[in-house]
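Visitor:
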Amino acid sequence: DAGITQSPRYKITETGRQVTLMCHQTWSHSYMFWYRQDLGHGLRLIYYSAAADITDKGEVSDGYVVSRSKTENFPLTLESATRSQTSVYFCASSESVYEQFFGPGTRLTVL
Amino acid sequence: RKEVEQDPGPFNVPEGATVAFNCTYSNSASQSFFWYRQDCRKEPKLLMSVYSSGNEDGRFTAQLNRASQYISLLIRDSKLSDSATYLCVVDSLNFGNEKLTFGTGTRLTIIP
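From first to last, the protein sequence lines stand for chains B and Z. When we follow my numbering, the leftmost residue of the first sequence carries the number 955, and every step to the right adds one. When we follow my numbering, the leftmost residue of the second sequence carries the number 113, and every step to the right adds one.
Listed below in structure tokens is the structure:
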């Protein structure tokens, strides 16, 4: 199916575990983004990528790692999950920085 | 001061009424402005871009005031389906790279 998908949609993990959230888009958009959304903070940029093999940090990148070996995939890894990383994570893609198309989100709970 | 500030609401408005939201931004160098809509427990979706001259899309009108650094969204003849959170979004430069900054959103509920 065309569009942008995220998996898993829901995840519960424990403090200290490594977790990888997947993002896949079928539009061949150059840009891809990872955001987290928390009450009172709105959407905050974690990492973004302008093209395959090019990634840059956003405002809340500590504790997260990304890679982009293929244009269509942009996985986000929490190296050692902490409770403060409990959040809803959205992946987005676009042809420019603007008009970003968002995936359905992953709800992550870290116990 | 936050880069983008919105009144969180909630705004509870009867069906058919007109409602307006404002959003202020702090970076005077910002060039691009948007309104996104987010339904409960769903992903944000672009509602409309905001142009300098103001623009209209059906019942929705967006305005930009650069001097006072705010943008507005007006919804006329509101429908039940307009109930959502409206996110004000502004571009900014971060170490030479452009990015979007999202406001925390204004929650709107249309009452039958």
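In this text, a Cβ means the ideal position worked out from N, Cα and C, and glycines have one as well.
Using the DSSP secondary-structure output, state which residues sit across from PHE146(Z) in a beta bridge.
Guide: Note: PHE146(Z) sits in a beta bridge opposite SER161(Z), VAL201(Z).
Visitor: Looking at chain B, is there any beta carbon in it that lies within less than 8 Å of the beta carbon of LYS191(Z)?
Guide: Not closer than 8 Å to any Cβ of chain B, the Cβ of LYS191(Z) fails to qualify, so no.
Visitor: Under DSSP, the beta strand (DSSP E) around SER1041(B) begins and ends at which residues?
Guide: 1041 to 1048 is the extent of the beta strand (DSSP E) around SER1041(B).
Visitor: Near ILE222(Z), which residues of its chain fall below 7 Å by C-beta distance, leaving aside the five closest residues on each side in sequence?
Guide: Only VAL125, GLU127, SER190, LYS191, LEU192, ASP194, SER195 meet the Cβ criterion.
Visitor: For CYS1045(B), is the classification buried or exposed, using 16 other Cβ atoms within 10 angstroms of its Cβ as the cut-off for buried?
Guide: With 16 or more Cβ atoms within 10 Å of its Cβ, CYS1045(B) is classed as buried.
Visitor: Fully enclosed by the segment 989 to 1019 of chain B, which beta strand (DSSP E) runs are 3 residues long or longer?
Guide: DSSP runs (the beta strand (DSSP E)) wholly in the segment 989 to 1019 of chain B: 996 to 1005, 1008 to 1011.
Visitor: In whole angstroms, give me the CA-to-CA distance for PHE1056(B) and PRO962(B).
Guide: C-alpha separation (whole angstroms): 15 Å.
Visitor: Would you say ALA1005(B) and SER1034(B) are within 8 Å of each other, going by their C-beta atoms?
Guide: Cβ distance not < 8 Å, so ALA1005(B) and SER1034(B) don't count as in contact.
Visitor: When the distance is taken between beta carbons, is THR974(B) closer than 8 Å to PRO1029(B)?
Guide: Yes, they are a contact pair.
Visitor: How many Å lie between THR1036(B) and LEU158(Z) at the Cα?
Guide: If I take the Cα positions, the gap works out to 32 Å.
Visitor: Under 8 Å, do THR1031(B) and TYR1018(B) count as touching if we go by C-beta distance?
Guide: Cβ atoms of THR1031(B) and TYR1018(B): closer than 8 Å.
Visitor: Could you check where the beta strand (DSSP E) with ASP169(Z) kicks off and where it finishes?
Guide: Segment 167 to 169, the beta strand (DSSP E) holding ASP169(Z).
Visitor: Find the residues of chain Z that neighbour PHE1056(B), judging by a C-beta separation of less than 8 Å, and give them in chain order.
Guide: Ordered by position in chain Z, the residues that pass the 8 Å Cβ test against PHE1056(B) are GLU155, PRO156, LYS157.
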